[in-house]
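Accompanying notes for the structure given below.
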Ligand code: ADP
Ligand code: ADP
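In our numbering, the protein residues as written are 684 to 910.
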């Protein structure tokens, strides 16, 4: 669970990037933040794992104020998926996908099963297993990266336009995978997008931001009814 209580961020140069932000992202929910460029989406998201420190209000993760959690520990507890995902260049795709399960000390059989499952879910040809990231297209690398993040143990995941660099078919497939996986795994996801169709498809709730403030929070039906 992620809670924002009257949160604001004023940058060192005096820019008030966001103000009076209040919301709660419940366990198992995909909460979509949407709004025009510069409205404060990235700032809001980065305050959760303290890539940016908030200057007003308070933020809690699973009931704990983030300021009382060590930054290292905080980032270990929170998954983060960027638009451009960096795979480990010196590891094969198979090794990249196995990193998290191996960190979790799963037994070998379970790791192999999980890797196979991830390949199936991403629709990536298994012949890519032994290849290196530089040998894959950008879209293929992104699919490996997103699924790797979803394989992890973290309950809270921040996703910053993770699908926007993908071709439409891969994007749709990954959106479906995300919905499906989240039904199974029940992660708490804060998802930034500038694409309303994506927000309507994925969001259990949608939060519209404008000029650093929240303009509206509602379900898909409430958003559609408000227009
Ligand atoms: P979005 O993600 O919605 O595009 P951002 O959170 O990146 O919006 O930016 C919100 C506002 O804060 C913008 O006006 C942006 O120019 C400003 N901003 C972002 N980062 C900084 C910074 N480091 N210093 C000053 N202003 C910043
Ligand atoms: P992101 O890719 O995370 O959205 P941006 O490309 O918007 O980041 O910005 C890159 C860096 O520049 C970030 O560290 C951001 O905080 C900073 N930045 C963005 N807008 C401004 C601004 N108006 N003034 C100063 N720094 C900014």
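C-beta: ideal position from N, C-alpha, C; glycine also.
Check: Starting from residue 698 and walking both ways along the alpha helix (DSSP H), at which residues does that stretch end?; Outcome: Segment: none, residue 698 is in no alpha helix (DSSP H) and carries neither H nor E.
Check: Please find out if some non-hydrogen atom of ligand 1 comes closer than 6 angstroms to the beta-carbon of residue 763.; Outcome: no
Check: Sort out for me which residues DSSP pairs residue 876 with in a bridge.; Outcome: 717
Check: Could you spell out the range, first to last residue, of the beta strand (DSSP E) harbouring residue 865?; Outcome: Unbroken run through residue 865 is the alpha helix (DSSP H), 851-868; no beta strand (DSSP E).
Check: Can you tell me which of the three DSSP states residue 769 falls into?; Outcome: coil
Check: Among 907, 870 and 900, whose alpha-carbon lies nearest the alpha-carbon of residue 880?; Outcome: 907
Check: How big is the Cα-Cα spacing for residue 756 and residue 838?; Outcome: 14 angstroms
Check: Just reading off the alpha helix (DSSP H) that residue 735 is part of, what are its end residues?; Outcome: Neither: residue 735 is in no alpha helix (DSSP H) and is coded neither H nor E.
Check: Drop a sphere of 10 angstroms on the beta-carbon of residue 792, count the other beta-carbons inside from all chains shown, and report buried for 16 or more, exposed for fewer.; Outcome: exposed
Check: Suppose contacts are defined by Cβ-Cβ distances below 7 angstroms. Is residue 708 in contact with residue 871 by that definition?; Outcome: yes
Check: Would residue 823 and residue 849 be called neighbours here (beta carbons separated by less than 7 angstroms)?; Outcome: no
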